[in-house]
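Here my numbering is used: the first residue of the sequence shown is 8, the next is one more, and so on.
Single-structure report; data block below.
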Amino acid sequence: MNPRFFSGMVLLMTVWLVGFASTAMAGDDPLSTIRNPIDKVITILNDPQYRAPGQESRQRDAIWDTMIPLFDFMEISQRTVAQHWNTFSKTEKSDFSDIFSRFLGNIYIDKIQGEYHDEKVQYLGQNFHEDIYAEVKTLILRQATQIPVNYRMLKNNAGQWRIYDIVIEGVSLVKNYRSQFASLLQKNKPTGLIRILHEKVAHHETELVNPQPEKQKK
Numbered sequence: 008m009n010p011r012f013f014s015g016m017v018l019l020m021t022v023w024l025v026g027f028a029s030t031a032m033a034g035d036d037p038l039s040t041i042r043n044p045i046d047k048v049i050t051i052l053n054d055p056q057y058r059a060p061g062q063e064s065r066q067r068d069a070i071w072d073t074m075i076p077l078f079d080f081m082e083i084s085q086r087t088v089a090q091h092w093n094t095f096s097k098t099e100k101s102d103f104s105d106i107f108s109r110f111l112g113n114i115y116i117d118k119i120q121g122e123y124h125d126e127k128v129q130y131l132g133q134n135f136h137e138d139i140y141a142e143v144k145t146l147i148l149r150q151a152t153q154i155p156v157n158y159r160m161l162k163n164n165a166g167q168w169r170i171y172d173i174v175i176e177g178v179s180l181v182k183n184y185r186s187q188f189a190s191l192l193q194k195n196k197p198t199g200l201i202r203i204l205h206e207k208v209a210h211h212e213t214e215l216v217n218p219q220p221e222k223q224k225k
């Protein structure tokens with residue numbers, strides 16, 4: 008993954024939690040949809056009970072349980088593998104969506120826990136497209152840095168707004184992974200890609216349970 012894009016993803020995931028909660032507008036629009044769960048995440052991040060030794064995994068689970076309803080991971084998954092989606096069976100689509108969501112969560116939630124430092128968000132507005140698509144345009148403000156971040160959302164059949172892509176400095180999360188997965192799917196069947204993600208998730212979760220000791224500085 009492009010290092011600058013990854014840094015941007017880490018930064019946006021930390022400030023995203025605060026920005027939406029503090030500026031959500033009234034009404035049934037994309038911003039108001041996520042206000043309550045994001046308020047809850049902020050409470051979890053600031054809750055003293057999670058600062059005790061051994062409570063990091065509980066905080067992690069609480070954050071994920073709160074955030075997961077905000078995303079349409081099936082839509083994200085379909086857009087990420089693009090034309091290859093039709094080669095996935097119904098079971099493989101479900102399995103891929105599940106493991107890909109865990110893969111993304113494992114990458115970013117630990118960063119949220121470790122790198123949340125009261126960053127600010129400036130909202131530039133939101134645009135609606137064909138009634139069911141919306142894009143919220145923001146700037147993340149961190150010291151002297153300004154990073155444009157756009158949140159693409161889709162209204163599902165139940166009338167609920169869900170995030171299906173995040174664009175940082177013009178780079179799409181979906182397109183970034185699409186290029187990586189396209190290469191893997193040229194060499195592997197869908198089950199192969201699912202297996203690779205399972206291995207990455209298992210490795211990451213093993214490290215969470217059995218963290219490696221930090222190397223002493225010379």
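All residues carry an ideal CB built from backbone N, CA and C; glycine is no exception.
Beta carbon of residue i nearer than 7 Å to that of residue j
i: L180; j: R169; result: no
i: I201; j: F103; result: yes
i: E82; j: Y171; result: yes
6 Å Cβ shell around residue i - same chain, five flanking residues per side excluded
i: T40; result: W168
i: F135; result: A141
i: D68; result: none
Minimum Cβ-Cβ distance from residue i to chain D less than 7 Å
i: N183; result: Given the protein chain composition of this structure (a single chain), no chain D is represented.
Whole-angstrom distance between residue j and residue i, CA atom to CA atom
i: I75; j: A151; result: 31 Å
i: R58; j: H211; result: 21 Å
i: F95; j: T198; result: 9 Å
i: D105; j: A89; result: 17 Å
i: Y130; j: W92; result: 34 Å
i: S108; j: F78; result: 9 Å
i: I116; j: E99; result: 25 Å
i: Q56; j: S64; result: 12 Å
i: N195; j: L204; result: 12 Å
i: V61; j: E137; result: According to the sequence provided, residue 61 is Gly. The question's Val does not apply to it. Roughly 48 Å separates the two Cα atoms.
i: A28; j: K182; result: Confidence in A28 is poor, its pLDDT being 44 and thus under 50, which makes the residue's placement too unreliable to answer from.
i: L191; j: V156; result: 28 Å
i: D54; j: Q193; result: 46 Å
i: R149; j: T50; result: 21 Å
i: G166; j: Q187; result: 32 Å
i: A209; j: K97; result: 23 Å
Other residues of its chain near residue i: CB distance less than 7 Å, five sequence neighbours each side excluded
i: V48; result: L24, I70, T73 and M74
i: K207; result: F110
i: Y184; result: T87
i: N163; result: D79 and R169
Candidates the options, of which the one nearest residue i by Cα
i: D35; options: I139, D79 and P60; result: I139
i: S84; options: N164, T213, A189 and K194; result: A189
i: F80; options: Q193, S101 and R149; result: S101
i: E214; options: D68, D54, N113 and D46; result: N113
Own chain, CB closer than 8 Å to residue i, minus 5 neighbours either side, in chain order
i: Q2; result: The structure shown does not extend to residue 2, since the chain is modelled only from 8 to 225, so the question has no answer here.
i: N43; result: none
Taking only runs of the beta strand (DSSP E) that begin and end inside the stretch 104-137, which ones reach a length of at least 3 residues, in chain order? Counting whole runs of 3 or more residues, the stretch 104-137 contains the beta strand (DSSP E) stretches 127-136.
Just list the beta strand (DSSP E) runs in the stretch 136-187, keeping only unbroken ones of 3 residues or longer that don't cross its boundaries, in chain order. Counting only runs of 3 or more, we get 140-149, 152-162 and 168-175.
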